[in-house]
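**Q** In the numbering used here, the protein residues as written are 1432 to 1506.
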Ligand code: FES
């Protein structure tokens, strides 16, 4: 199944990149370009990262999504 349509990246490829040490959406993007097109897949990338790294990192990943989408609001 494709995670990123823009870059034709599958979920299996994302898992391979995480196996190789990618621990953020940006790190996955550096390896394959996922998330660096329209950005629609960043939520799914972060879901996969949260599942891999457990809930402890999910709040910071959510902030990353907000920043990437330009929706970050201070306070
Ligand atoms: S679907 Fe991944 S960047 Fe567009």
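Quick reminder that beta carbons are idealized off the backbone N, C-alpha and C, glycines included.
So what does residue 1440 bridge to, in DSSP terms?
**A** According to DSSP, residue 1440 bridges with 1435.
**Q** Any heavy atom of the ligand FES closer than 7 angstroms to the CB of residue 1462?
**A** Answer for residue 1462: no, Cβ out of range of the ligand FES.
**Q** By Cβ distance below 6 angstroms, which residues in the same chain neighbour residue 1435 in space, the five residues on each side in sequence not counted?
**A** So the list reads 1465 and 1472, once near-sequence residues are dropped.
**Q** Measuring only from the beta carbon, is residue 1459 closer than 7 angstroms to any heavy atom that is part of the ligand FES?
**A** Residue 1459: no, Cβ never under 7 angstroms from the ligand FES.
**Q** Just list the alpha helix (DSSP H) runs in the segment 1459-1485, keeping only unbroken ones of 4 residues or longer that don't cross its boundaries, in chain order.
**A** Those alpha helix (DSSP H) runs which fall completely within the segment 1459-1485 and span 4+ residues are 1473-1484.
**Q** Just the C-alpha distance for residue 1453 and residue 1467, rounded to the nearest angstrom, thanks.
**A** If I take the Cα positions, the gap works out to 15 angstroms.
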